[in-house]
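Peer 1:
Numbering (my numbering), first residue to last: 2 to 433.
As structure tokens, this is what we get:
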């Protein structure tokens, strides 16, 4: 196998050089990462089996417990000091990974832009004057900038999918419940998913196998011959021209590779977004109830307002939203009839300027948060897996396509992602 500590040393060198600018890591354990990489190399040198992730440097989102390191969830005055690893971190270590540190996040993972007034904004490695996306901002930036070989994030409303798209990496929102969330600070328990971010499809697939606790499979084959793929026309209609240009090129490449690509309308996405807001607000308010009243003034205004909105909703509103959520799930399943997967933009815009409050989209002005959520929030009601993979670079910034399938179809989605990647190739930001 030839395990060495080179990849960890490369990641550490990049971290020491770039983290002061990009703010991807909130907490670091560089010596611990070196020790874990050296241990994997020693096992290999002795003829042992160091694990499928031997020596891989990993960034863990700072809502996921890493034993011996603080978990602050990007908050001002909240934290815990776990003695034990979250289940997913224990699995990473058992596979030989080296934990470099804890990645930046929107406060309590409640945000989509990567901004954090308490810990500092996370900045996009393609252009540090632009947003990284969030809330798995640090993990996406660390992977894109070479400060990690892989990462663990979480996704409730798009928090893996959006930063993966804006930073030009691969991100997976797995089938909900397939990756354990023990030791992870919840945001909204019926919506949360834990998943990997990686520089390429093969690494993302390997990380997903480890996180899910199953033996690693072979690298996904870029094989789409005979597949029938639907393009979500309602989501494409939301996207700006550079994004649609990249996705059109992607679908052309999939057709050339033997896929049948057709347009497909999705059910009422505006209603799905409204349902998502109600479910998330109620669950976030419930999660924060034990300490919110005592620490209300320590929350950033936007997060505080969303929690207060949850308190204002009734149990009847929550139950009604969950009923409509089940109806939407059924309608989406019917929309997938005859299809193997659905393709859509992961973000309708390229990474906005970091100070922007609004973006221009299809001739109108929209709040940044609303724009970044528009292609992901409605689909967050579903237990379905989604893979985001770079679809190219436009105007010097990456574009991501999301590939959505039926529950349990990750292997198929990764094959499609591998086909996209074979046309586009893994992309890298310009030297910083």
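Glycine included, C-beta positions come from ideal geometry on N, C-alpha and C.
Provide the residue(s) that pair with residue 26 in DSSP beta bridges, ordered along the chain.
Peer 2: Within the chain shown, the letter at position 25 stands for residue 26. Per DSSP, 104.
Peer 1: Within 10 angstroms of the Cβ of residue 242, are there 16 or more other Cβ atoms? Answer buried if so, exposed if not.
Peer 2: Against the chain shown, residue 242 aligns to sequence position 241. The residue is exposed, with fewer than 16 neighbouring Cβ atoms inside 10 Å.
Peer 1: Taking the alpha-carbon positions, what's the residue 399 to residue 165 distance?
Peer 2: Residue numbering aside, residue 399 sits at position 398 when the chain shown is read from its first letter. Residue numbering aside, residue 165 sits at position 164 when the chain shown is read from its first letter. About 9 angstroms.
Peer 1: For residue 394, which option in 249, 370, 105 and 338 has the closest C-alpha, if you only look at C-alpha atoms?
Peer 2: Counting from one through the chain shown, the residue named residue 394 turns up at place 393. Checking every option, the nearest Cα to that of residue 394 belongs to 249.
Peer 1: Return helix, strand or coil for residue 2, following the three-state DSSP convention.
Peer 2: Along the chain shown, read from residue 1 onward, the residue named residue 2 stands at position 1. Model confidence at residue 2 stands at a pLDDT of 44, short of 50, so the residue's coordinates are unreliable; what they give is reported in the following sentence. In the structure shown, residue 2 sits in coil (DSSP, three-state: anything other than H, G, I, E or B).
Peer 1: Pop quiz: residue 392 and residue 402 are said to be a contact at Cβ under 8 angstroms. What is the actual Cβ separation, rounded to whole angstroms?
Peer 2: Taking the chain shown and counting its residues from 1, one reaches residue 392 at position 391. Taking the chain shown and counting its residues from 1, one reaches residue 402 at position 401. Confirmed, about 4 angstroms.
Peer 1: Count the other CB atoms within 10 Å of the CB of residue 50; is the residue buried (16 or more) or exposed (fewer)?
Peer 2: The count along the chain shown starts at 1 and reaches residue 50 at position 49. Exposed, by the Cβ-count rule.
Peer 1: Tell me which residues share the same chain as residue 438 and place their Cβ nearer than 7 angstroms to its Cβ, disregarding the 5 neighbours each side in the sequence.
Peer 2: Residue numbering for the chain in the displayed model covers 2 to 433; residue 438 lies beyond these limits and cannot be assessed.
Peer 1: Just mark residue 306 as buried or exposed, buried being the case when its beta carbon has 16 or more other beta carbons within 10 Å.
Peer 2: Residue 306 sits at position 305 when you count from the first residue of the chain shown. Classification for residue 306: exposed.
Peer 1: For residue 156 and residue 131, which I take to be in contact (beta-carbon distance under 8 angstroms), what is that distance rounded to the nearest angstrom?
Peer 2: The count along the chain shown starts at 1 and reaches residue 156 at position 155. The count along the chain shown starts at 1 and reaches residue 131 at position 130. Contact flag wrong, Cβ pair sits at about 21 angstroms.
Peer 1: Identify the continuous alpha helix (DSSP H) that holds residue 210 and give its terminal residues.
Peer 2: Stepping through the chain shown from its first residue, residue 210 is reached at position 209. Looking at the DSSP string, the run of the alpha helix (DSSP H) that includes residue 210 is 202-213.
Peer 1: May I have the straight-line CA-CA distance separating residue 260 from residue 326, to the nearest angstrom?
Peer 2: To locate residue 260, count along the chain shown from 1; it is residue 259. To locate residue 326, count along the chain shown from 1; it is residue 325. Each residue's Cα considered, the two are about 31 angstroms apart.
Peer 1: Considering only their Cβ atoms, is the gap separating residue 158 from residue 381 smaller than 8 angstroms?
Peer 2: Residue 381 sits at position 380 when you count from the first residue of the chain shown. Residue 158 sits at position 157 when you count from the first residue of the chain shown. Contact: yes.
Peer 1: Exposed or buried, what is residue 92 when buried is set at 16 or more other beta-carbons lying within 10 Å of its beta-carbon?
Peer 2: By 1-based counting over the chain shown, the position of residue 92 is 91. It is buried - the Cβ of residue 92 has at least 16 other Cβ atoms within 10 Å.
Peer 1: Between residue 322 and residue 279, how many whole angstroms is the CB-CB distance? I'm expecting something under 8 angstroms.
Peer 2: Working through the chain shown from its first residue, we reach residue 322 at position 321. Working through the chain shown from its first residue, we reach residue 279 at position 278. The Cβ separation is near 4 angstroms, so the contact holds.
Peer 1: Can you tell me which of 362, 102 and 345 puts its alpha carbon nearest to the alpha carbon of residue 353?
Peer 2: Stepping through the chain shown from its first residue, residue 353 is reached at position 352. Among 362, 102 and 345, the Cα nearest to that of residue 353 belongs to 362.
Peer 1: Grab me the residues of residue 144's own chain with a C-beta within less than 8 angstroms of its C-beta, minus the 5 sequence neighbours each way, in chain order.
Peer 2: Numbered from its first residue, the chain shown carries residue 144 at position 143. Answer for residue 144: 60, 150, 151, 152, 168, 170, 198, 199 and 200, listed in chain order.
Peer 1: Is it buried or exposed for residue 19, if we count other Cβ within 10 angstroms and need 16 for buried?
Peer 2: As a first step, residue 19 is located in the chain shown; it is residue number 18 there, counting from the start. With 16 or more Cβ atoms within 10 Å of its Cβ, residue 19 is classed as buried.
Peer 1: Pair every Cβ in the segment 112-125 with every Cβ in the segment 34-46, then say whether three or more of these pairs are closer than 8 angstroms.
Peer 2: No: fewer than three Cβ pairs fall under 8 angstroms.
Peer 1: Got a sec: is the Cβ-Cβ distance from residue 291 to anything in chain B below 8 angstroms?
Peer 2: Although the question refers to chain B, the structure presented lacks it and comprises just one protein chain.
Peer 1: What distance in whole Å lies between the Cβ atoms of residue 107 and residue 75, which are believed to be in contact at a cut-off of 8 angstroms?
Peer 2: For the purposes of this step, residue 75 is taken as the residue at position 74 of the chain shown. For the purposes of this step, residue 107 is taken as the residue at position 106 of the chain shown. At roughly 6 angstroms, the Cβ-Cβ gap stays under 8 angstroms, so residue 75 and residue 107 are in contact.
Peer 1: Give me the residue from 209, 36 and 387 with the minimum Cα distance to residue 219.
Peer 2: The sequence position of residue 219 within the chain shown is 218, counting from 1. With distances taken between Cα atoms, residue 219 lies closest to 209.
Peer 1: Give the straight-line distance between the Cα atoms of residue 373 and residue 412, rounded to the nearest whole angstrom.
Peer 2: Along the chain shown, read from residue 1 onward, the residue named residue 373 stands at position 372. Along the chain shown, read from residue 1 onward, the residue named residue 412 stands at position 411. Residue 373 and residue 412: Cα-Cα distance of roughly 27 angstroms.
Peer 1: Taking 6 angstroms as the limit between beta carbons, can you name the residues of its chain near residue 2, skipping five residues before and five after?
Peer 2: The sequence position of residue 2 within the chain shown is 1, counting from 1. Only weak support exists for where residue 2 lies, its pLDDT of 44 falling under 50; the value from the coordinates is given anyway. Hits under 6 angstroms: 45.
Peer 1: Out of 366, 102, 332 and 39, point me to the one whose CA is closest to residue 67's CA.
Peer 2: Along the chain shown, read from residue 1 onward, the residue named residue 67 stands at position 66. Comparing Cα-Cα distances from residue 67 to each of 366, 102, 332 and 39, the minimum goes to 102.
Peer 1: Whose C-alpha, out of 31, 202 and 98, is nearest the C-alpha of residue 427?
Peer 2: Here residue 427 corresponds to residue number 426 of the chain shown, with the count starting at 1. Comparing Cα positions, the closest option is 202.
Peer 1: Are residue 34 and residue 100 close, meaning C-beta to C-beta below 8 angstroms?
Peer 2: As a working mapping, residue 34 is identified with position 33 in the chain shown. As a working mapping, residue 100 is identified with position 99 in the chain shown. Cβ distance < 8 angstroms, so residue 34 and residue 100 count as in contact.
Peer 1: Output needed for residue 13: all residues of its chain with C-beta closer than 6 angstroms, excluding positions within five of it in sequence on either side, in chain order.
Peer 2: Counting from 1 along the chain shown, the entry for residue 13 is found at position 12. Answer for residue 13: 31, listed in chain order.
Peer 1: Using the C-alpha atoms, what's the distance from residue 308 back to residue 294?
Peer 2: For the purposes of this step, residue 294 is taken as residue 293 along the chain shown, with counting starting at 1. For the purposes of this step, residue 308 is taken as residue 307 along the chain shown, with counting starting at 1. Cα to Cα, residue 294 sits roughly 11 angstroms from residue 308.
Peer 1: Taking its Cβ as the centre, do 16 or more other Cβ atoms sit within 10 Å of residue 350, making it buried, or is it exposed?
Peer 2: Taking the first residue of the chain shown as position 1, residue 350 is located at position 349. Buried is the call here.
Peer 1: Run the CB neighbour count on residue 82, radius 10 Å, all protein chains shown included, and call it buried at 16 or more, exposed below.
Peer 2: Walking along the chain shown from the start, residue 82 turns up at place 81. Exposed, by the Cβ-count rule.
Peer 1: What would DSSP say about residue 429, mapped onto helix, strand or coil?
Peer 2: Within the chain shown, residue 429 is the residue found at index 428, counting from 1. Of the three classes helix, strand and coil, the one that applies to residue 429 here is coil, per DSSP.
Peer 1: Out of 319, 6, 358 and 274, which has the shortest C-alpha to C-alpha gap to residue 286?
Peer 2: Against the chain shown, residue 286 aligns to sequence position 285. It is 319 whose Cα lies nearest to the Cα of residue 286.
Peer 1: Can you tell which of 8, 10, 22 and 7 has the C-alpha that lies nearest to the C-alpha of residue 433?
Peer 2: For the purposes of this step, residue 433 is identified with residue 432 of the chain shown, where counting begins at 1. Residue 22 is the option with its Cα nearest to residue 433.
Peer 1: May I have a chain-ordered list of the alpha helix (DSSP H) segments no shorter than 4 residues that lie completely inside the segment 153-206?
Peer 2: Qualifying alpha helix (DSSP H) stretches, in chain order: 162-168.
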